[in-house]
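*Asks:* Residue numbers for the sequence shown follow the numbering used here, so the first one is 331 and each next one is one higher. Note that CB positions come from ideal geometry on N, CA and C, so glycine has one too. Just dropping this structure here.
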Amino acid sequence: MAHQYHTKIDDMIDKTLANMNQGMISKLMSVLEATLSKLSRYDEGSLIGSILSFTVSNFIN
331 MAHQYHTKID
341 DMIDKTLANM
351 NQGMISKLMS
361 VLEATLSKLS
371 RYDEGSLIGS
381 ILSFTVSNFI
391 N
């Protein structure tokens, strides 16, 4: 009996960990996109600005 409970708990922990990882990746991607977007607006007209705007458009797609 105890083995079945351990398996269920392990499965629940694995699913929770996967959801937490996905949530963290999603949050970090949104922060990165916002930061790159702000940097590209700040450096408008410069070489680095054009590189950043290209990078931002690739993240969004």
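#1: Just the C-alpha distance for I343 and Q334, rounded to the nearest angstrom, thanks.
#2: Taking the alpha-carbon positions, what's the V361 to K345 distance?
#3: Rounded to whole angstroms, what's the CA-CA distance from A364 to A348? Just pull it up for me.
*Replies:* Straight from the coordinates:
#1: Per the coordinates, the alpha-carbon of I343 lies some 14 Å from the alpha-carbon of Q334.
#2: Spanning the two alpha carbons is a distance of roughly 24 Å.
#3: Just so you know, the alpha carbons of A364 and A348 end up roughly 24 Å apart.
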